[in-house]
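Taking full-length UniProt numbering, the leading residue of the sequence shown gets 1, the next gets one more, and so forth. Cβ atoms here follow ideal geometry from the backbone N, Cα and C, with glycine treated the same way. Treat the numbers as computed from the prediction; the structure is a model and nothing was measured. This report concerns only the one structure given below.
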Amino acid sequence: MCLSNFELNNHVTFLLKLRLFRETGEEMTDLETSMATIIAVFQKYSEREGDKHKLKKSELRDLLHDELPELIAHVKDQATLDSLMESLDTDGDAECNFQEFMTFVSLVTVCCHEFFEHEDD
1 MCLSNFELNN
11 HVTFLLKLRL
21 FRETGEEMTD
31 LETSMATIIA
41 VFQKYSEREG
51 DKHKLKKSEL
61 RDLLHDELPE
71 LIAHVKDQAT
81 LDSLMESLDT
91 DGDAECNFQE
101 FMTFVSLVTV
111 CCHEFFEHED
121 D
């Protein structure tokens with residue numbers, strides 16, 4: 001997916017706003033904080049090897065083990081993790097870029113929401 005100039009300018013403006021919040025000490029909203037945290041977690045793992053804008057399979061595995069231990073506890077074998085990586089890798093480069101990572105985060109979040117939504121019934 002390619003961003004238009006308008007979308008890219010808005011994206012850059014948003015990132016600058018996040019940086020400004022950090023520098024001035026002004027408090028971010030819960031959603032802004034959550035978004036900044038997701039970006040920071042991705043960058044924390046993607047910077048370990050090679051391209052800092054993509055997660056290698058080993059970086060993704062470490063991220064899942066460290067950041068989503070309850071989810072990963074239900075994964076029984078390496079083949080399942082390999083399959084997950086392949087399904088996330090929509091551009092076929094054997095790495096997980098931020099958009100592919102966000103697809104995964106979104107899907108997991110939707111599943112969690114649906115679980116808790118049905119729990120109230």
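Provide the residue(s) that pair with LEU60 in DSSP beta bridges, ordered along the chain.
Start at 1 with the first residue of the sequence shown, and residue 60 comes out as number 60. DSSP lists no partner for LEU60.
Cutting at 6 Å between CB atoms, please list the residues of its own chain near ASN97, excluding the five before and the five after it.
For the purposes of this step, residue 97 is identified with residue 97 of the sequence shown, where counting begins at 1. Same-chain partners within the cutoff: LYS54.
Secondary structure at LEU71, three-state DSSP: helix, strand or coil?
Taking the first residue of the sequence shown as 1, we reach residue 71 at position 71. In this structure, LEU71 counts as helix in the three-state DSSP scheme.
Let's see if you can read the secondary structure: which residues bound the alpha helix (DSSP H) around residue 122?
Summary: the structure shown does not reach residue 122, with the chain confined to residues 1 through 121, and so no result is reported for it.
Alpha carbon to alpha carbon, what distance is there between ALA94 and ASP51?
As a first step, residue 51 must be located in the sequence shown, where it is residue number 51. As a first step, residue 94 must be located in the sequence shown, where it is residue number 94. In a straight line, the C-alpha of ASP51 is about 12 Å away from that of ALA94.
For LEU3, which of helix, strand or coil comes out of DSSP?
Along the sequence shown, read from residue 1 onward, the residue named residue 3 stands at position 3. Confidence is the limiting factor: at LEU3 the pLDDT is only 49, short of 50, which leaves the residue's position unreliable, though a coordinate-based value still follows. Of the three classes helix, strand and coil, the one that applies to LEU3 here is coil, per DSSP.
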